[in-house]
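In our numbering, the protein residues as written are 364 to 575.
Encoded structure:
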């Protein structure tokens, strides 16, 4: 969890070599649990191991980001119908709380709190379906987006647009309107993906110009 936090705070960035000693000092523990944690993160696709050289964070991949958002859309919409069919007043209250938490999140330049609250809203919506396997897969996709790809770079969709789409989505779910909710959710994820890809392309162009 300590290493994950460093990813989220951008203290570990894409393409960086990971120092066992540095992590050991930061987290106040021996290198053995550090290496075990890195092996687990390798399995999750957040880092890669190079024989005789150590661990590195993965480089940014536009193709992978596209696949992540496309897979997110498939999973979230597939769960939406079950959520709407199963949702109770208590579930609606839980979802409304998650929505309000996102709308009230601090809007600082790093967007860290909003990132967490955005993820919370989508996961609550998914969890109300009761489909454990899909929910765990969705959590993994959020890990890739917000840890591997530094969420504050990806999450560049205008805040007012995100807020409006979340409010619309909640309203459709409250009315048990699956078709309307699916349309809003699909548009929302597509918008976020579009802005994320534009942001990453600009970063890659900047690296190219620097190299030249």
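For glycine and all other residues, C-beta sits at the position ideal for the given N, C-alpha and C.
Short of 8 Å from the beta carbon of residue 462, and not among the five residues preceding or following it, lie these beta carbons of its own chain, in chain order: 484, 529, 530 and 533. In the three-state reduction of the DSSP assignment, residue 543 falls in the helix class, which pools H, G and I. According to DSSP, residue pairing for residue 418 in a beta bridge involves 381 and 412. Cβ neighbours of residue 543 within its own chain (closer than 7 Å, five residues either side excluded): 535.
Around the beta carbon of residue 435, 16 or more other beta carbons sit within 10 angstroms, so the residue counts as buried. Put simply, of 512, 418 and 398 the residue whose alpha carbon is nearest the alpha carbon of residue 559 is 512.
Counting only runs that start and end inside the stretch 424-484, there is no beta strand (DSSP E) element of at least 3 residues.
Distance between residue 408 and residue 507, taken at the CA atoms: about 8 Å. Note on geometry: alpha-carbon atoms of residue 489 and residue 497 lie some 8 Å from one another. Fewer than three beta-carbon pairs drawn from the stretch 403-421 and the stretch 439-451 are found closer than 8 Å, and the two stretches are therefore not classed as touching.
Inter-residue distance for residue 493 and residue 445 is about 8 Å (C-alpha atoms, whole angstroms). Contact annotation, residue 397 with residue 383: C-beta distance approximately 5 Å; criterion of less than 8 Å satisfied.
Under the DSSP assignment, residue 511 falls outside any alpha helix (DSSP H); it carries neither an H nor an E label. Per DSSP, the unbroken alpha helix (DSSP H) holding residue 522 starts and ends at 522-537. Sequence-distant partners of residue 501 (beyond 5 residues in either direction) whose C-beta falls short of 6 Å from its own C-beta, in its chain, are 438 and 489.
Looking at the backbone, the Cα of residue 390 and that of residue 412 are separated by about 21 Å. Residues 476, 477 and 480 of the same chain have their beta carbon placed closer than 6 Å to that of residue 468, with the five preceding and five following residues left out of the count.
Taking C-alpha positions only, residue 430 is separated from residue 553 by approximately 12 Å.
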